[in-house]
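Each protein sequence line maps, in turn, to chains Z and B.
For what it's worth, our numbering labels the leading residue of the first sequence as 112, then goes sequentially.
For what it's worth, our numbering labels the leading residue of the second sequence as 112, then goes sequentially.
Glycine included, every Cβ here is placed at the ideal spot set by N, Cα and C.
Given the structure is predicted, the values throughout are model-derived calculations rather than measurements.
Number of protein chains: 2
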Amino acid sequence: MVDPTSSDRPTMAEIAHAAGVSLATVSKVWNGRADVSDRTRDRVEELLRVHGYRGRRQWHTEAAGTVDVIFSEIDCAWEGEHLRGIEAAAHEAGARVVVSSLDRGETARRQLLQRLRAGRTDGAILATMTAAGPLVAALNRLNVPVVALDPLRAPAGDLLSVDAANFAGARAATAHLLELGHRRIGLVAGLDQLLCSRARLDGFLAAHDEAGVPPDLDLVEHGEFDFPSGIAAGGRLLDRSVPPTAVFAMSDYMAIGVYEAARLRGVSVPDQLSVVGFDDLPGARWAAPPLTTVRQPLREMGALAVRTALGLAGGGVLDTQLVVRESTAPI
Amino acid sequence: MVDPTSSDRPTMAEIAHAAGVSLATVSKVWNGRADVSDRTRDRVEELLRVHGYRGRRQWHTEAAGTVDVIFSEIDCAWEGEHLRGIEAAAHEAGARVVVSSLDRGETARRQLLQRLRAGRTDGAILATMTAAGPLVAALNRLNVPVVALDPLRAPAGDLLSVDAANFAGARAATAHLLELGHRRIGLVAGLDQLLCSRARLDGFLAAHDEAGVPPDLDLVEHGEFDFPSGIAAGGRLLDRSVPPTAVFAMSDYMAIGVYEAARLRGVSVPDQLSVVGFDDLPGARWAAPPLTTVRQPLREMGALAVRTALGLAGGGVLDTQLVVRESTAPI
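Put into structure tokens, the structure is as follows:
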């Protein structure tokens with residue numbers, strides 16, 4: 112790197128003269144300010160570059176904030192929506208977003224830590240079920256602020272987290288079915304040990320309790336939040352001697368899986384079976400019929416996670432909202 | 112930063128002694144190598160940190176490769192799939208992935224360039240329709256290798272690009288419908304000026320030509336690759352006095368929109384209408400019925416884009432593949 116103070120090249124004033132602009136303008140470009148026309152910026156940039164004015168860029172590197180986002184895997188559902196909110200909020204804060212995925216296992220985790228040790232990060236967002244694991248301990252030792260985004264297990268110790276209102280969402284979804292007159296409501300639950308599964312199950316039970324309707328626990332099946340397990344769980348429910356008239360699935364993917372199980376059995380949604388999902392991923396609108404579901408504010412959650420990681424917020428729980436479409440009908 | 116050569120703190124040998132490990136082990140940790148147990152690494156890290164050994168990390172920052180990925184917007188469809196391949200390939204190359212989106216317009220573009228000017232990037236992947244725009248010129252002036260990922264318009268000059276075999280994919284999709292006996296095949300095309308639209312239209316026409324079947328250009332409607340425009344275009348086709356018996360849509364989103372247009376008219380897929388999409392996004396498998404579509408190797412494209420940006424590959428065109436599911440039937 113050429114020492115910006117060395118005299119073996121034109122001064123900024125000379126560069127300003129050569130570019131036909133004021134010294135103030137050269138300074139603006141040099142400092143990476145935005146209030147310069149592209150044409151001027153490009154001309155000045157070029158002159159600065161050929162004359163070795165690079166030191167300031169290095170300084171900018173150190174000044175620029177970096178938020179590391181760590182996914183267990185980059186799917187094109189939650190992760191895409193989360194990332195959209197993360198990128199927008201980081202952009203507003205003038206920080207850049209570095210994305211990592213742990214779906215290559217231990218090697219990925221080691222290499223990630225290596226990168227974090229080596230590089231500069233101003234905060235890490237853990238959108239991964241390993242949030243409570245050794246990763247957090249390692250990040251803490253690196254003095255990196257850590258935020259758990261929608262943690263699937265209880266965050267370790269005093270870890271800040273950003274969550275959706277899972278209990279309230281499940282209660283609203285179940286109350287909607289009860290208000291439509293359904294009394295035999297099947298539940299396609301997620302994995303029991305996950306935080307959101309427990310909170311949504313509690314909401315399902317609370318809605319029954321509030322309506323004075325005993326929940327039928329024989330109609331509870333479990334899936335893994337994905338489409339295939341939704342087909343399987345939905346099939347098990349529809350193959351009961353007395354099948355449910357409605358199903359609440361703890362994810363949109365599983366709800367669409369219930370659609371498929373119904374389609375394969377010639378059961379029509381919503382005429383013969385009402386279905387409610389959870390998430391409101393884009394696909395919920397495209398389902399046939401459009402899926403009634405509980406909206407998770409995934410982008411807003413991503414944005415809050417960034418602000419929390421950068422110390423501008425303290426985490427929190429964001430509201431969910433029931434979105435009634437065409438997959439539910441009165442019994 | 113404490114000067115690593117200053118003597119006002121323990122030497123590495125003394126730190127090794129304090130940690131109860133060999134000097135070689137301290138050196139490994141110091142150099143961010145992975146072949147150290149987590150427990151040992153953590154203990155040594157802590158000692159190095161409290162004694163101000165930070166210089167090497169700075170050095171690592173400079174050594175770590177960075178690939179900037181620039182989206183026009185972060186959607187949870189193509190972008191999520193592309194990003195998955197990008198992250199995996201960057202990880203293999205030991206580079207980190209910085210994600211930016213331009214969906215906040217001119218301000219976003221300016222701030223992005225500001226970040227790129229300020230920071231160090233080893234290559235940029237443009238997954239955006241602005242690929243041919245001033246962004247490329249600016250990146251070239253910054254001496255940043257640029258790769259256009261699936262460019263929607265012809266890349267400027269000698270810009271390397273990574274594409275899918277759009278012509279071959281559309282030809283295979285159309286030939287599939289022709290082989291099933293369909294003669295009135297509707298086309299839901301994308302925007303005419305986009306590269307992929309043109310290539311897919313050519314494939315559609317070539318398949319007709321090869322089968323000796325004149326294409327019915329009265330059955331061509333246009334959409335914008337999304338779900339709503341698919342509903343509209345599908346509706347226009349189905350409302351013809353003599354509607355098509357099959358539709359090829361240039362995107363899965365538009366194909367699912369055709370599903371919805373058919374559902375709203377009581378037209379059953381595939382019994383009364385065969386539908387083929389393009390992309391093979393995850394949602395294609397979850398559609399009812401599962402969608403016959405042309406698979407784009409989105410992850411592989413993302414991976415090739417990374418290798419190209421890092422100078423390990425020279426771009427290229429990746430094969431597409433017809434995936435026959437349940438949305439197409441003989442007439």
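Short of 6 Å from the beta carbon of Z/Val137, and not among the five residues preceding or following it, lie these beta carbons of its own chain, in chain order: Met123, Ile126, Ala127 and Val155. Under the three-state reduction of DSSP, Z/Ser340 is assigned to helix. Among the CB atoms of chain B, one or more fall inside 8 Å of the CB of Z/Gly394.
Closest by C-alpha distance to B/Glu371, out of B/Leu349, B/Val353 and B/Val405, is B/Leu349.
The Cβ atoms of Z/Ser385 and Z/Met365 lie no closer than 8 Å to each other.
Z/Asp153 is a Cβ neighbour of B/Ala249, given a cutoff of 8 Å.
By a beta-carbon distance limit of 8 Å, Z/Ala199 does not contact Z/Val178. Their separation comes to about 12 Å. For the C-beta of B/Ala249, the chain Z residues within less than 9 Å are, from N- to C-terminus, Asp149, Arg152, Asp153 and Glu156. In the three-state reduction of the DSSP assignment, Z/Ile442 falls in the coil class. B/Val435 is classed as exposed because its beta carbon has fewer than 16 other beta carbons within 10 Å across all chains shown. The three-state secondary structure of Z/Asp320, taken from DSSP, is helix. In the DSSP annotation of this structure, the continuous segment of the beta strand (DSSP E) that includes B/Gly176 starts and ends at Gly176 to Phe182. Within the same chain, His293, Arg295 and Ile442 come within 6 Å of B/Thr356 by CB-CB distance, once the 5 residues on both sides are set aside. Spanning the alpha carbons of Z/Ala284 and B/Asp382 requires a straight line of approximately 34 Å.
Of the candidates B/Asn254, B/Gly196 and B/Glu335, the residue whose Cα lies closest to the Cα of B/Leu302 is B/Glu335. If you look at B/Leu328, you'll find it isn't in any beta strand (DSSP E); DSSP assigns it neither H nor E. Exclusion of the five residues before and after Z/Phe338 leaves Tyr364, Ile367 and Gly368 as the residues of its chain whose Cβ lies within less than 7 Å of its Cβ. Less than 8 Å separates the beta-carbon of Z/Leu223 from that of Z/Ile181. When only Cα atoms are considered, B/Phe359 and B/Pro325 end up about 16 Å apart. The shortest C-alpha to C-alpha distance from Z/Asp233 to any of Z/Ala373, Z/Ala206, Z/Gly425 and Z/Met361 is the one to Z/Ala206. Sequence-distant Cβ neighbours of B/Ile185 in its own chain, meaning closer than 6 Å and more than five residues away, are Ser212. Proximity of B/Gly345 to chain Z, defined by a Cβ-Cβ separation below 8 Å, is not satisfied. The shortest CA-to-CA distance from B/Pro262 to any of B/Asn251, B/Val247, B/Pro408 and B/Ala238 is the one to B/Ala238. 8 Å or more divides the Cβ of B/Leu330 from the Cβ of B/Leu375. Ser211, Ser212, Asp214, Arg215, Thr218, Ala219, Arg221, Gln222, Leu223, Leu224, Gln225, Arg226, Arg228, Ala229, Gly230 and Arg231: these are the residues of the segment 211-242 of chain B whose beta carbon lies less than 9 Å from some beta carbon of chain Z, given in chain order. Around B/Ala135, no beta-carbon contact reaches into chain Z at under 8 Å, the shortest distance being about 18 Å. Within its own chain, the residues whose Cβ lies closer than 8 Å to the Cβ of Z/Lys139, once the five positions on either side in sequence are excluded, are Asp146 and Val147, listed in chain order. In the displayed model, B/Ile296 falls within a strand according to three-state DSSP. Following the DSSP letters along the chain, one finds Z/Leu423 in no alpha helix (DSSP H), marked with neither H nor E. Using a Cβ-Cβ cut-off of 9 Å, B/His162 is close to nothing in chain Z; its nearest Cβ partner there is about 14 Å away.
Taking 4 residues as the shortest admissible run, the segment 349-424 of chain B contains the following complete alpha helix (DSSP H) segments, listed from N- to C-terminal end: 363-375, 394-397 and 409-420.
Taken through DSSP and simplified to helix, strand or coil, Z/Val161 comes out as helix. Annotated three-state conformation of B/Leu429 is strand, per DSSP.
Inter-residue distance for B/Ala317 and B/Ser183 is about 32 Å (C-alpha atoms, whole angstroms). Remark: three or more beta-carbon pairs, one from each stretch, lie closer than 8 Å, so the segment 249-258 of chain Z and the segment 408-423 of chain Z are flagged as touching. Within the segment 355-383 of chain Z, the residues whose Cβ lies closer than 8 Å to any Cβ of chain B are, in chain order, Tyr364, Ile367, Gly368, Tyr370, Glu371 and Arg374.
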